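Trainee: Can you keep this structure in mind? I'll have questions shortly.
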Amino acid sequence: MRRSAVVAAFVALAGMTALPSPLAAQKLRSEEHGRAVTATASIRISGSFGSLRVIGWDRDSLALVALVPYGARFEGNFDDKGPPASGVKMFLEATEVAAAAAKLELRVPTRARVWAKGSVSNIEASGITGGLDLNVVGGSIRVSGNPRELTVESMDGAITVTGAPEWMRLKSATGDITFHGGCVDGGISTISGAIHASGGSVERGKIESVTGPIVFAESPVPGAAIDFNTHSGRIELYIPRKFAEVDAATMTGTIENGYTSIPAITSRDKRGQEIGIGIGNGGPRYYVRSFKGTIVLRALTDFKK
Amino acid sequence: MTEHPTLERLGDYVDGVLPATEAKNVAQHFDACQPCAAQLSRLHALLAEVAALPRTIEPPPELWTDLRKTLEAGKISPLRTPRTAGLFRRTATRPWVVAAAIVLVAGSVVFSRRPTSRDSVAGTPPPPPLVSRIDRHYGPVLDHLAASLRERTSATPPKTVATVNQSLRIVDSAIAETRAALIQDPDNQRIGEMLSANYQRKLDLLKRASELATEF
């Protein structure tokens, strides 16, 4: 490991020792590992850890600094010598209580593909342009940067993504999902968690919830196609002024149209409301379906961050 | 020369289902017409290639490992009635599992038994075709995933169990509502789409829970 990497690892380790008081009693041991890897190496990490930071750096090597509980099993091929590895696997096995104190900081080549799965973990990833596949039950996941492929799944943890992934799938059950940025192909879904997407451009998107509210204020490119589907969540949709095609219907709910002066009409089956809007040519197409939720249409210029 | 046979007649000829006299005429045409003879030859070659393909293709081993085991073990069964809504509700047999179950039952309906929207009740008419089609499409795989998860109850962290069950209750409620609306308005394609979407969300949730249960 280079001198700068050692310094970075030392600083990271020093920062990681500042543990919250309930965990301070947990006896921890520090570990440092490193090895050469290829620029597009696949890195897999799984098990029980309280927090994980994944940082993309401009080196073809992997550096790992960890604080793990005494008695925990932490194994992997992260120390092997020899030619750069195209794949590194590691896992941490600890009791649920001990796992909460475990902290890992992993530096990988920016173009690496990282796969991480933890039980109750807080995961932060930044600076990766390769692929990220992150999966937790609880805790939270924060991603910043522009990974080519991004998959994030959580059960009840919050997901926050800031950046412009090319391909993105964010899924949560009860946790909220916040996306600041844009993407070419994006899918966001929750059961009851809230969805908030804004601040970038989208070409293809599918936004779904069962009861979770949806706020969408992205700037779709011309020709974009974005589908919304919810059972009872409120959908608040901010649409570009110049051009757009909107096909919105709610089976038993209502539609509030603040985008144009045309009111929604009673739907064909006499249950709920529907509205069709076409402004300009070749604009983004919004297809909105709700069973009993309220659909609110507004101009993108009215969106307040 | 007789006229060129249509693709349909060509297919019937290859399958040997043309009447004898018609088959004789077509055969004579092939003797005299080079393009049609070439087409016949290509069709025979294609059929030979198709016949050489394996009858089944195995999915990647990492894909739904346990579901695959269940399928291979021939444990496929029709939809059960009455069904239960809670996911993790396997009967506890070991004392510590019983104790854990008691604690969980106190705060949730995890182990309770209650019928889902797909249960048929004796004396009620069968659901409309669209509802039945959607039920049939999702029912078996949902049942197998749920059963597979129930078997791992004891190995799954209680917090995960609670979260999954909470979400399942929400999805099941949405399915019940859309399904009831579709039964009332059986030709409404929009409601049909919504019912399918809700089933799909339940499927996604169970798949994710299954993957997590496998991992931990």
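Chain order of the listed sequences is W and U. Per the working numbering: the first sequence ends with 305, consecutive numbering throughout. Per the working numbering: the second sequence ends with 1216, consecutive numbering throughout. Glycine included, each C-beta is placed from N, C-alpha and C at the ideal position. None of the values given here were measured: they were computed from a predicted structure.
Taking 9 Å as the threshold (beta carbon to beta carbon), is R1208/U in contact with chain W?
Mentor: Taking the first residue of the second sequence as position 1, residue 1208/U is located at position 208. So, interface residue.
Trainee: Grab the span of the beta strand (DSSP E) containing Y287/W for me, first residue to last.
Mentor: Within the first sequence, residue 287/W is the residue found at index 287, counting from 1. Where Y287/W is concerned, the enclosing beta strand (DSSP E) stretches over 285-290.
Trainee: Of the residues A158/W, V184/W, S232/W, A225/W, which one's Cα is nearest the Cα of S1173/U?
Mentor: Your numbering for residue 1173/U matches position 173 in the second sequence. Taking only the C-alpha atoms, the option nearest S1173/U is S232/W.
Trainee: Does any CB atom of chain W fall closer than 9 Å to the CB of I1134/U?
Mentor: Walking along the second sequence from the start, residue 1134/U turns up at place 134. Chain W contact via Cβ: absent.
Trainee: Just confirm the distance between the C-beta atoms of G200/W and A164/W, as a whole number of angstroms; I'd bet it's less than 8 Å.
Mentor: In the first sequence, counting from the first residue as 1, residue 200/W sits at position 200. In the first sequence, counting from the first residue as 1, residue 164/W sits at position 164. So it is a contact: roughly 6 Å between Cβ atoms.
Trainee: Between the region 241-273 of chain W and chain U, which residues of the former have CB atoms less than 7 Å from a CB of the latter, in chain order?
Mentor: Listed in sequence order: A249, M251, D269.
Trainee: Can you name, in chain order, every residue of its own chain whose Cβ lies under 6 Å from the Cβ of R142/W, other than the five neighbours on each side?
Mentor: If you number the first sequence from 1, residue 142/W lands on position 142. Excluding residues within five positions, the ones whose Cβ falls inside 6 Å are E124, T160.
Trainee: Tell me whether A112/W sits in a helix, a strand or coil according to DSSP, three-state version.
Mentor: Your numbering for residue 112/W matches position 112 in the first sequence. Coil at A112/W, not helix or strand.
Trainee: Taking Cβ positions only, does M155/W come closer than 9 Å to chain U?
Mentor: Here residue 155/W refers to the residue found at position 155 when the first sequence is read from its first residue. Output row for M155/W: interface = yes.
Trainee: For N1025/U, which residues from the same chain have a beta carbon less than 7 Å from its beta carbon, with the 5 sequence-adjacent residues on both sides left out?
Mentor: What you label residue 1025/U is simply residue 25 of the second sequence in a count that begins at 1. Excluding sequence neighbours, N1025/U sits near T1002.
Trainee: Please state the DSSP three-state secondary structure of D1135/U.
Mentor: Along the second sequence, read from residue 1 onward, the residue named residue 1135/U stands at position 135. Helix, per DSSP.
Trainee: Tell me, which residues are paired with L62/W by DSSP?
Mentor: Here residue 62/W is taken as the residue at index 62 of the first sequence, counted from 1. Bridge partners of L62/W: R35/W.
Trainee: Taking H180/W as part of the beta strand (DSSP E), name the residues at either end of that continuous run.
Mentor: Walking along the first sequence from the start, residue 180/W turns up at place 180. Where H180/W is concerned, the enclosing beta strand (DSSP E) stretches over 177-181.
Trainee: For H1029/U, which residues does DSSP report across the bridge?
Mentor: Position 29 of the second sequence, counted from the start, is the residue given in the question as residue 1029/U. Looking at the DSSP assignment, H1029/U forms no beta bridge with any residue, so it has no partner.
Trainee: Tell me, to the nearest whole angstrom, how far the beta carbon of R298/W is from that of G272/W; I am working on the premise that it is less than 8 Å.
Mentor: Reading the first sequence from its first residue, position 298 is the one you call residue 298/W. Reading the first sequence from its first residue, position 272 is the one you call residue 272/W. So it is not a contact: roughly 20 Å between Cβ atoms.
Trainee: Report the residue from E75/W, A248/W, K304/W whose alpha carbon sits nearest the alpha carbon of A217/W.
Mentor: In the first sequence, the residue the question calls residue 217/W occupies position 217. For the residues E75/W, A248/W, K304/W, the minimum Cα distance to A217/W belongs to K304/W.
Trainee: Only counting the same chain, and skipping five residues up and downstream in sequence, which positions put a Cβ closer than 8 Å to that of L1142/U?
Mentor: Taking the first residue of the second sequence as 1, we reach residue 1142/U at position 142. Within the same chain, L1142/U has close Cβ partners Y1199, K1202, L1203, L1206.
Trainee: In whole angstroms, give me the CA-to-CA distance for R1042/U and C1036/U.
Mentor: The sequence position of residue 1042/U within the second sequence is 42, counting from 1. The sequence position of residue 1036/U within the second sequence is 36, counting from 1. Going from the Cα of R1042/U to the Cα of C1036/U covers about 10 Å.
Trainee: Measure from the alpha carbon of V1164/U to the alpha carbon of each residue in M168/W, M155/W, K171/W, L170/W, then state which is nearest.
Mentor: Counting from 1 along the second sequence, the entry for residue 1164/U is found at position 164. The option with the nearest alpha carbon to V1164/U is M155/W.
Trainee: Please name the residue, chosen from A98/W, I279/W, S126/W, that lies closest to L106/W on a Cα-to-Cα basis.
Mentor: Locating residue 106/W in the first sequence gives position 106, where the first residue counts as 1. If we check each option's Cα against that of L106/W, S126/W comes out closest.
Trainee: Could you tell me which of R289/W, R241/W, P263/W sits nearest to I357/W, measuring between CA atoms?
Mentor: Missing from the structure shown is residue 357/W; chain W here goes from 1 to 305 and no further.
Trainee: If you reduce the DSSP assignment to three classes, tell me which class N1198/U lands in.
Mentor: As a position in the second sequence, residue 1198/U is number 198, starting the count at 1. Helix at N1198/U.
Trainee: Exposed or buried, what is V1050/U when buried is set at 16 or more other beta-carbons lying within 10 Å of its beta-carbon?
Mentor: Here residue 1050/U is taken as the residue at index 50 of the second sequence, counted from 1. By the neighbour-count rule (16 or more Cβ atoms within 10 Å), V1050/U is not buried but exposed.
Trainee: State yes or no: is the C-beta of A173/W within less than 9 Å of the C-beta of R1208/U?
Mentor: Start at 1 with the first residue of the first sequence, and residue 173/W comes out as number 173. Start at 1 with the first residue of the second sequence, and residue 1208/U comes out as number 208. Yes; because the gap between Cβ atoms is below 9 Å, this pair is in contact.
Trainee: Taking Cβ-Cβ distances shorter than 7 Å, what residues in chain W pair up with Q1166/U?
Mentor: On the second sequence, position 166 is the one that residue 1166/U refers to. Simply T174.
Trainee: Distance check for L1046/U and Q1039/U, CA to CA, integer angstroms please.
Mentor: Here residue 1039/U refers to the residue found at position 39 of the second sequence. Here residue 1046/U refers to the residue found at position 46 of the second sequence. Going from the Cα of Q1039/U to the Cα of L1046/U covers about 11 Å.
Trainee: Just to confirm my understanding: we take D176/W, look at its own chain, exclude 5 residues before and 5 after, and list those with CB closer than 7 Å. What are they?
Mentor: The residue you call residue 176/W lines up with position 176 of the first sequence. A158, G193, A194.
Trainee: Please check if any C-beta of chain W sits within less than 9 Å of the C-beta of A1146/U.
Mentor: If you number the second sequence from 1, residue 1146/U lands on position 146. Not an interface residue.
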